[in-house]
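The structure appears right after this line, and notes come after that.
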DNA sequence: ACAGGTGTAAAACGATCGTTTTACACCTGT
DNA sequence: ACAGGTGTAAAACGATCGTTTTACACCTGT
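Okay, here's the thing in structure tokens:
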């Protein structure tokens with residue numbers, strides 16, 4: 217495990233568990249087991265570190281949900297929540313803590329959300345066929361269900377994901393039926 | 217407008233726009249146009265102020281969604297977002313920033329979310345009838361749709377709420393149909 | 001008339017923040 | 001052999017944090 221990987225994984229853990237602004241550079245250097253000089257050489261500063269953590273998480277999360285069906289998508293989300301815990305979307309949390317006032321962070325968040333939306337659009341298209349007229353609506357609805365289960369899981373547990381999955385399944389089935397008429 | 221109301225409304229605005237940890241007591245006293253001595257007498261401290269802001273917002277939000285139908289619920293949410301903006305659920309943001317490590321804040325957040333869940337359960341019950349077997353599932357699904365549209369609206373705009381509304385309507389209609397068979 | 005409550009302005013508290021600097025040590029490739 | 005890169009430990013930077021204190025002023029009810 218490279219020194220850079222150790223920095224990113226320990227920082228991600230601290231940011232996720234205690235919040236971005238509440239985590240000090242001192243805690244970050246101690247958790248990464250390196251000197252502040254080394255941390256600053258690698259990350260540039262706290263904003264750069266947040267940016268790097270979000271970019272790494274984007275890659276990891278996008279890989280986790282790189283599936284071909286709605287069922288697999290929700291299974292991947294259940295698995296992610298089981299291993300990572302349920303503390304809400306780390307990207308939206310970063311955006312909220314920075315108040316949208318740090319362009320580097322806003323950019324990283326919006327880039328992730330654009331990729332996230334595109335991924336869902338792709339899966340919905342694979343599910344309904346490329347010519348279905350309701351692709352956009354369904355994509356938006358599945359996206360809302362996933363964002364919602366991510367938020368709701370914080371206080372309702374993984375049942376929120378199961379319920380969202382059932383809703384998604386019904387929406388897809390109903391949309392298939394409507395187009396069949 | 218009392219001095220306490222001015223403090224709570226200006227603090228809510230700052231916390232919402234810049235984040236809780238990023239907002240300093242200095243900014244809060246200046247926005248409330250009072251001395252720090254007065255602020256501390258009224259709020260106790262920063263944690264007390266966050267707590268008071270969340271409690272006040274809970275009352276205001278619960279009043280806004282005190283409706284009798286799913287349609288009115290989503291209309292209320294559209295209206296809320298139009299006047300308040302879309303920066304995510306302030307309660308979950310507070311919880312995330314505090315890392316769940318400040319009991320007073322955790323309590324305020326969880327109390328709100330319990331009331332929020334109960335409110336949705338009440339509306340779903342009014343919509344489907346008290347004896348419908350799927351009340352719990354529908355409640356959880358509507359809750360997920362609302363949490364999701366609150367999060368998604370940050371980067372997808374109010375369309376997310378419209379899509380969630382359509383999904384909720386279809387889920388309710390389908391659940392009615394299933395029980396009719 | 002005067003006590004109690006409520007307010008201001010400003011200085012000060014110690015603690016901590018993110019960041020930089022200094023002085024030094026160890027590899028590694030040529 | 002030695003330069004360059006990469007690392008540590010520790011001190012120091014000025015700025016800012018949340019909070020408390022001091023000294024003073026104005027209402028308001030009795």
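Chains as they are written, first to last, in our numbering: chain A, 217 to 397; chain B, 217 to 397. Quick reminder that beta carbons are idealized off the backbone N, C-alpha and C, glycines included.
Just to make sure I have the definition right: I need the residues of chain A whose C-beta is within less than 8 Å of the C-beta of residue i. Which are they?
| i | result |
| --- | --- |
| residue 301(B) | Neighbours of residue 301(B) on chain A: none; closest Cβ ~11 Å, over 8 Å. |
| residue 386(B) | 386, 387, 390 |
| residue 343(B) | None at all; the shortest Cβ gap to chain A is about 16 Å. |
Do you know offhand how far residue i's Cα is from residue j's?
| i | j | result |
| --- | --- | --- |
| residue 324(B) | residue 289(A) | 33 Å |
| residue 277(B) | residue 340(B) | 18 Å |
| residue 231(B) | residue 261(B) | 15 Å |
| residue 365(B) | residue 343(B) | 21 Å |
| residue 272(A) | residue 225(A) | 9 Å |
| residue 363(A) | residue 350(B) | 23 Å |
| residue 254(B) | residue 367(A) | 36 Å |
| residue 220(B) | residue 259(B) | 9 Å |
| residue 326(A) | residue 371(B) | 7 Å |
| residue 375(B) | residue 286(A) | 22 Å |
| residue 301(A) | residue 264(A) | 25 Å |
| residue 217(A) | residue 223(A) | 10 Å |
| residue 296(B) | residue 270(A) | 30 Å |
| residue 242(A) | residue 284(B) | 51 Å |
| residue 266(A) | residue 317(A) | 14 Å |
| residue 292(A) | residue 247(A) | 29 Å |
| residue 240(A) | residue 257(A) | 17 Å |
| residue 250(B) | residue 244(B) | 9 Å |
| residue 391(B) | residue 268(A) | 45 Å |
With residue i as the anchor, note down where its alpha helix (DSSP H) starts and where it stops.
| i | result |
| --- | --- |
| residue 237(A) | No alpha helix (DSSP H) contains residue 237(A), which DSSP labels as neither H nor E. |
| residue 288(A) | 286-300 |
| residue 350(A) | Neither: residue 350(A) is in no alpha helix (DSSP H) and is coded neither H nor E. |
| residue 312(A) | 306-314 |
| residue 317(A) | Element bounds for residue 317(A): n/a, residue is neither H nor E. |
| residue 254(A) | 252-259 |
| residue 217(B) | First-last for residue 217(B): undefined, no H or E at that position. |
| residue 283(A) | No alpha helix (DSSP H) holds residue 283(A); DSSP gives it neither H nor E. |
Are the beta-carbon atoms of residue i and residue j separated by less than 8 Å?
| i | j | result |
| --- | --- | --- |
| residue 279(B) | residue 377(B) | no |
| residue 330(A) | residue 274(A) | no |
| residue 235(B) | residue 304(A) | no |
| residue 237(B) | residue 320(A) | no |
| residue 380(A) | residue 361(A) | yes |
| residue 395(A) | residue 348(A) | yes |
| residue 311(A) | residue 299(A) | no |
Who are the neighbours of residue i on chain A, taking C-beta pairs under 7 Å?
| i | result |
| --- | --- |
| residue 326(B) | 371 |
| residue 240(B) | Within chain A, no residue comes near residue 240(B); the closest Cβ sits about 11 Å away, beyond 7 Å. |
| residue 313(B) | 235, 237, 238, 313 |
| residue 376(B) | 356, 360 |
Taking Cβ-Cβ distances shorter than 7 Å, what residues in chain B pair up with residue i?
| i | result |
| --- | --- |
| residue 329(A) | 371 |
| residue 228(A) | Correct list: empty, because the minimum Cβ distance to chain B is about 14 Å. |
Using a C-beta to C-beta distance shorter than 9 Å, which residues of chain A count as neighbours of residue i?
| i | result |
| --- | --- |
| residue 334(B) | Under the 9 Å cutoff, chain A gives no residues; its nearest Cβ is about 13 Å from residue 334(B). |
| residue 367(B) | 304, 305, 308, 360, 363, 364, 366, 367 |
Since residue i meets chain B, which of its residues come closer than 8 Å, beta carbon to beta carbon?
| i | result |
| --- | --- |
| residue 251(A) | Going along chain B, no residue has its Cβ under 8 Å from residue 251(A), so there is no contact; the nearest lies around 25 Å. |
| residue 383(A) | 357, 360, 361, 383, 387 |
| residue 353(A) | 379, 382 |
| residue 320(A) | By Cβ distance, chain B contributes nothing, its closest Cβ being about 15 Å from residue 320(A), past 8 Å. |
Quick one: any contact between the region 380-389 of chain A and the region 230-250 of chain B, if contact means 3 or more CB pairs under 8 Å? No, the region 380-389 of chain A is not in contact with the region 230-250 of chain B.
- Touch check for the region 349-362 of chain A and the region 327-338 of chain A: three-plus C-beta pairs under 8 Å? A contact exists between the region 349-362 of chain A and the region 327-338 of chain A.
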